[in-house]
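To start, the structure itself, in structure tokens.
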């Protein structure tokens, strides 16, 4: 596909990357600041669980938005931000899990295992986390080389499943007002639809060219 | 007669808008209070969203039914509430509830009764001496608080109407005013909010009709001007801002049961052995504490209420 619009040079890209990196860290900074100022409400542990979960999901959706956005804008350099976004999603996922295991359950392992087995929403959340692990581990350049581009790409398609599991995890835990999980689900569906639409268009172009 | 007290607003708290508004409310309420006092009507005024500075309810009886556990902060009790009529986030009620007007207020008692009646809140307050009842409150979401309610036994109100022999249940309907309650404009639950109790549960000495908190008029977000407190059941059974009470021979269909019958049963007694389908009820987090504590059967009120359920399978009748 041809290059369109804005393409940053080396220096500009370095600044964009730093800005993305700092923006991704901001929710954590705000959370810590809120904690120090005792501004997390009457139930701070619930607040931290919610915030880390929210940011895991948001960053996951942003990661999944990179490819459609690149296809729409022609900004191929966006791909180079994807790893940062994905690893930050994993980072907030780790914080979310740690909050649950440490602050919420206080290392009550039998209770945690019972939760994972018995409560579908915990099962889904835990499955999403387990699926993110190999993706995070194989995120380095060395691992991409070792696995080979094609195998690496196939493995990293698991991120679609992580997205679905993450949204379902949230959906299932909400007691009644589904506005927020529905919003996440719609965004996820839109991102999948854009991928399908783009794939379909590419095939059509190929058919026209080969005809 | 009511003893009024000045608001204690320290200079550092004056700036926030909510507090500024609440002070104006207080001045207005105090004005109304003086008028009402002159008419001998007793209590008047509005509850406020922010901090202390509410209207004192005067001398109160101390109840032997109170727990001596450590009280939760006024701020936590009034800022961390489920009151879906004002929004589904727990901070929504404290933000939005000031729009609800609680004077004048009447409650009608009807259905299978000898003498149906409509009472004004001022008359309700005169039915029995007000007492302070410090109860544990256990939310179905597995958090808990210790709350110093002020109120009177619900039975004092129910005795006014002489229920008919066939009546078995009491149904409570709460206010649903789309003009002042933003949550009612969305279809999260079927409005108005309906809850129910069996008559023996409703008449039980522990069942309180609360009109106050921390010695002051009940803040709107906590269910002003009158709400139920049924301390051995999950919090949602304790209907807030009640406008109608109906005696019936059929088990009332409460709003949460209608929304998800598998998750919210009619009885909803606090029971560590019966999990919510989506989370365990074995433990709870007391607001303000770091680690969870074990949940007590009937929220610790088993000695007083277990006999109500003798012979019932509480896993089936959850």
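Chains as they are written, first to last, in this note's numbering: chain A, 3 to 213; chain B, 6 to 323.
Beta carbons: idealized from backbone N, C-alpha and C, even for Gly.
Check	Outcome
Neighbouring residues, chain A, relative to residue 264 of chain B (Cβ below 7 Å)	178
Through-space distance from residue 75 of chain A to residue 130 of chain A, alpha-carbon basis	30 Å
Three-way DSSP call (helix, strand, coil) for residue 281 of chain B in this model	strand
CB contact below 8 Å: residue 273 of chain B versus chain A	no
Through-space distance from residue 50 of chain A to residue 12 of chain A, alpha-carbon basis	37 Å
Own chain partners of residue 90 of chain A with C-beta closer than 6 Å, once the 5 adjacent residues on each side are dropped	26 and 61
Within 8 Å, strictly: CB atoms of residue 227 of chain B and residue 218 of chain B	yes
Through-space distance from residue 24 of chain A to residue 256 of chain B, alpha-carbon basis	57 Å
Beta-bridge pairing of residue 148 of chain B - partner residues as DSSP gives them	B/290
Between the CA atoms of residue 202 of chain A and residue 208 of chain A - distance to the nearest angstrom	10 Å
Euclidean distance between Cα positions of residue 288 of chain B and residue 269 of chain B	18 Å
Contact between the region 192-204 of chain B and the region 170-177 of chain B (3+ Cβ pairs under 8 Å)	yes
Local conformation of residue 120 of chain A per DSSP, three classes	helix
8 Å Cβ cutoff met for residue 260 of chain B and residue 182 of chain B	no
Element boundaries [alpha helix (DSSP H), containing residue 275 of chain B]	Segment: none, residue 275 of chain B is in no alpha helix (DSSP H) and carries neither H nor E.
Beta-bridge pairing of residue 67 of chain B - partner residues as DSSP gives them	B/137
Candidates A/82, A/30 and A/154, of which the one nearest residue 67 of chain A by Cα	A/82
Contact check, residue 118 of chain B vs residue 158 of chain B, beta carbons under 8 Å	no
Helix, strand or coil at residue 211 of chain B [DSSP, three-state]	coil
3-residue-minimum beta strand (DSSP E) runs that sit fully inside the region 73-121 of chain B, ordered along the chain	111-116
Own chain residues within Cβ distance below 8 Å of residue 322 of chain B, not counting five before or after	270, 271, 272 and 314
For residue 248 of chain B, the first and last residue of its enclosing beta strand (DSSP E)	247-253
Coarse secondary structure for residue 296 of chain B, derived from DSSP in three states	coil
Contacts around residue 127 of chain A, its chain only, beta-carbon distance under 6 Å, and the 5 residues preceding and following it disregarded	171
Span of the alpha helix (DSSP H), counted from its first residue to its last, around residue 167 of chain B	Run containing residue 167 of chain B: none; DSSP gives neither H nor E here.
Under the three-state DSSP convention, the category residue 44 of chain B falls into	Residue placement at residue 44 of chain B cannot be trusted, given a pLDDT of 36 that sits under 50; what the coordinates show is reported in the next sentence. Here residue 44 of chain B sits in coil by DSSP.
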